[in-house]
Amino acid sequence: MVQRRAVLAAIGGIAGGSLAGCSGDEPAESTESDYPEYTDVPDDVKEYLSNTSNFDGTGVDRTDAEEVSVTVGARGNGSYWAFDPAVVAVSPGTTVVWEWTGRGSTHNVASPDGREPLYSGPAVTSSSETYAYTFEESGAYQYVCEPHEIQGMKGAVIVV
Ligand SMILES: [Cu+2]
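Heads up: the sequence shown begins at 57 in our numbering, then just goes up one per residue.
Here's what the structure looks like:
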């Protein structure tokens with residue numbers, strides 16, 4: 057995971073020096089320090105994520121990236137029940153790839169209450185599962201891991 061994140065960061069044009077803090081740690085450490093902070097999180101998203109332990113009111117600004125990865129089963133919410141980063145801002149046309157860690161039992165990615173557009177399928181335990189969605193329209197897309205919604209395993213993609 058660390059290695060893959062480094063490759064993505066290199067594609068995004070991030071200077072290599074900022075990656076030094078990543079090496080050798082647990083695979084589910086926060087990526088937030090690697091990228092600029094996104095501070096313009098809408099109030100309804102903040103409210104939606106009010107019980108999400110790894111959301112601190114800001115997101116990660118990846119508006120310069122064509123592809124962004126989000127960890128599914130990162131450490132948070134009392135176990136490995138977190139998406140990391142919980143909130144990411146991207147530009148229209150960006151593909152977000154959710155990548156399962158294999159930790160924290162079964163997970164999925166779904167828009168709340170069975171709404172569209174996000175649904176990865178039934179929750180699975182896997183360290184190789186991925187789910188990709190390309191966001192074309194601006195807006196805030198909230199999502200949840202259905203088995204861990206109560207624990208706070210929720211996130212949002214903000215297309216700006
Ligand atoms: Cu989950």
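Cβ atoms here follow ideal geometry from the backbone N, Cα and C, with glycine treated the same way.
Given the structure is predicted, the values throughout are model-derived calculations rather than measurements.
Taking 7 Å as the cut-off, is the CB of residue i close to at least one heavy atom of ligand 1?
i      : result
Trp137 : yes
Gly160 : yes
Pro173 : no
Pro178 : no
Closest by CA to residue i, which one among the options?
i      : options                        : result
Gly160 : Tyr104, Arg118, Val128         : Val128
Pro92  : Gly132, Asp112, Ala145, Tyr187 : Ala145
Ala188 : Arg171, Glu205, Thr150         : Thr150
Ala138 : Ile206, Val216, Ile214         : Ile206
Asp140 : Cys201, Val216, Val215         : Cys201
Going by DSSP, what residue range makes up the alpha helix (DSSP H) through residue i?
i      : result
Val101 : 99-104
Roughly how far, in whole angstroms, is the beta-carbon of residue i from the beta-carbon of residue j, given that I think they are within contact range, below 8 Å?
i      : j      : result
Thr190 : Ala142 : Contact doesn't hold; Cβ gap of about 20 Å is too wide.
Ser125 : Glu103 : Actually they are not in contact, since the Cβ atoms of Ser125 and Glu103 sit about 26 Å apart, beyond 8 Å.
Ala179 : Pro148 : 29 Å between Cβ atoms; not a contact.
Glu123 : Val153 : 6 Å
List the endpoints of the continuous beta strand (DSSP E) containing residue i.
i      : result
Gly149 : Neither: Gly149 is in no beta strand (DSSP E) and is coded neither H nor E.
Ile32  : The question about residue 32 has no answer, for the chain in this structure spans 57 to 216.
Could you check what DSSP says for residue i in three-state terms: helix, strand or coil?
i      : result
Glu192 : coil
Glu172 : coil
Asp140 : strand
Ser79  : Since pLDDT at Ser79 reaches only 42, below the 50 mark, its modelled position is unreliable, and the value read off the structure follows with that caveat. Coil at Ser79, not helix or strand.
Asp90  : helix
Glu205 : coil
Thr127 : strand
Please indicate yes or no: does the CB of residue i lie closer than 7 Å to some heavy atom of ligand 3?
i      : result
Pro203 : Absence of ligand 3 is noted for the structure shown, with ligand 1 being the only ligands found.
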